[in-house]
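Participant:
There are 2 protein chains.
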Amino acid sequence: MADREQCAELAHQLRGAFAVTREIARRMPPQTPLTAVAVLSALDRHGELRSSDLTELLAVDLSVTSRHVAYGVERGWIERAPDPYDGRSRLLRLTAAGGDVLRASSTRAAEVLADHLADWPDDDVAQLSALLARLRGSFGDHTPRTPRISRVHAG
Amino acid sequence: MADREQCAELAHQLRGAFAVTREIARRMPPQTPLTAVAVLSALDRHGELRSSDLTELLAVDLSVTSRHVAYGVERGWIERAPDPYDGRSRLLRLTAAGGDVLRASSTRAAEVLADHLADWPDDDVAQLSALLARLRGSFGDHTPRTPRISRVHAG
DNA sequence: TATTGTTATACTCTATAACTATA
DNA sequence: TATAGTTATAGAGTATAACAATA
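Protein chains in written order, with the numbering used here: chain D, 1 to 155; chain P, 1001 to 1155.
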């Protein structure tokens, strides 16, 4: 169990990571800000999602998700299908064009990181990724629950 | 040397960490947003700094630093002393009140983290902190150069 | 009556550019 | 002529609240 001083130090380092992420964001093309990439990436990894699921994954307000999704839909990166289990919501899906944009964006972000991580061993990069994934997981259960809840209700 | 796919994965996880940091920021008192804490923390760790040094440490534009510093000065958390080596700039210092605010803020941020990291072993928290510190370091040399440059110039 | 999602509005944080003062 | 810092302004990103539609 982590003590308070360790947690305070981690909070400090997270602020540093925040700065690094901002640095990456600055080097992304203006058409695909990091927020847009985050939405596309979530859809790519989880498949069909509802806005409320995305909201949990991105840890923002639903109104924010709504805007980001509209941005992607306008550009043909995301498509909205009817949700057979709930007429109020729709299922969001990545389109082929959205997949292309995501791949290009991921490549760009990876380039920026690789520029600075040239002397990092593979294992350290992997370990940092793994620890960050766990950190994210520890901040609440952010597994989308669209299939589970809807189908239980409908079945 | 990290390959591109690993870097893409790390970029993804950094976006997740970004969300976690936002979550912490939301739970901070409105008087001490995370940006203010970052400034106080930098002054606490590095001692006297110029605005340009802070700008590098925080990885923002100088105009942003200027605003954040003004915010702290207005509240008595930061004091500005004349820079004996350069009349254009001033040396920024944490005041006693600023130290108090920083301690309270750090405690609060640590609490939020500790709430979610209850089941983390000490070693993992320490390792994540260490890797994040290294990540920050790999993004350019952000060691303040106030003493070095000024004194060389003056000496 | 509660919930999903949208939109209007306001607030925070950051960047760009114009400016002052000093080197 | 260049650099440190400030300030005005604009642009992202987010949250709150009011709203429409459905459960």
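Note that beta-carbon positions come from the ideal geometry of N, C-alpha and C, so glycine has one too.
Quick check: what's the CA-CA separation for Arg-1015(P) versus Ala-38(D)?
Facilitator: 7 Å
Participant: For Glu-1074(P), count neighbouring Cβ atoms within 10 angstroms of its own Cβ and tell me buried if that reaches 16, exposed if not.
Facilitator: When all chains shown are included, Glu-1074(P) counts as exposed.
Participant: Would DSSP call Glu-1079(P) helix, strand or coil?
Facilitator: The answer is strand: DSSP assigns Glu-1079(P) an E or B state.
Participant: Name the chain P residues whose beta carbon is nearer than 7 Å to that of Ser-52(D)?
Facilitator: None at all; the shortest Cβ gap to chain P is about 16 Å.
Participant: Quick check: is the beta carbon of Glu-1128(P) nearer than 7 Å to any beta carbon in chain D?
Facilitator: For clarity, residue 1128(P) is Leu in the given sequence; the question names Glu instead. Yes - at least one Cβ of chain D is within 7 Å of the one on Leu-1128(P).
Participant: What three-state label does DSSP hand Ala-1154(P) in the structure shown?
Facilitator: With a pLDDT of 30 at Ala-1154(P), under the threshold of 50, the predicted position of this residue should be treated as unreliable, and no value is reported.
Participant: Along chain P, in chain order, which residues have C-beta atoms closer than 8 Å to that of Val-20(D)?
Facilitator: Leu-1014, Ala-1059, Leu-1135, Arg-1136 and Phe-1139
Participant: Would you mind telling me which residues of chain D sit closer than 8 Å to Glu-1048(P), beta carbon to beta carbon, in chain order?
Facilitator: The contacting residues do not exist; Glu-1048(P) stays about 19 Å from chain D at best.
Participant: Taking contact to mean at least 3 C-beta pairs separated by less than 8 Å, is the stretch 1131-1141 of chain P in contact with the stretch 16-23 of chain D?
Facilitator: yes
Participant: Using a Cβ-Cβ distance under 7 Å, would Arg-4(D) count as near chain P?
Facilitator: Chain P contact via Cβ: present.
Participant: 7 Å is my cut-off, CB to CB: does Val-73(D) come that close to chain P?
Facilitator: False, the Cβ-Cβ gap to chain P never drops below 7 Å.
Participant: Please name the residue, chosen from Gly-1140(P), Pro-1029(P) and Gln-1013(P), that lies closest to Leu-1102(P) on a Cα-to-Cα basis.
Facilitator: Ranking Gly-1140(P), Pro-1029(P) and Gln-1013(P) by Cα distance to Leu-1102(P) puts Pro-1029(P) first.
Participant: Three or more beta-carbon pairs under 8 Å between the stretch 1036-1052 of chain P and the stretch 1060-1070 of chain P, yes or no?
Facilitator: yes
Participant: Can you look up Leu-94(D) in the DSSP assignment and give me helix, strand or coil?
Facilitator: strand
Participant: Cα-Cα, which of Asp-44(D), Pro-84(D) and Asp-86(D) is closest to Ala-97(D)?
Facilitator: Asp-44(D)
Participant: So is Ala-975(P) in contact with chain D if we call contact Cβ pairs under 7 Å?
Facilitator: Within the shown structure, residues of chain P are numbered from 1001 to 1155, placing residue 975(P) beyond reach of any answer.
Participant: I'd like to know whether the C-beta of His-1116(P) is nearer than 7 Å to at least one C-beta of chain D.
Facilitator: yes
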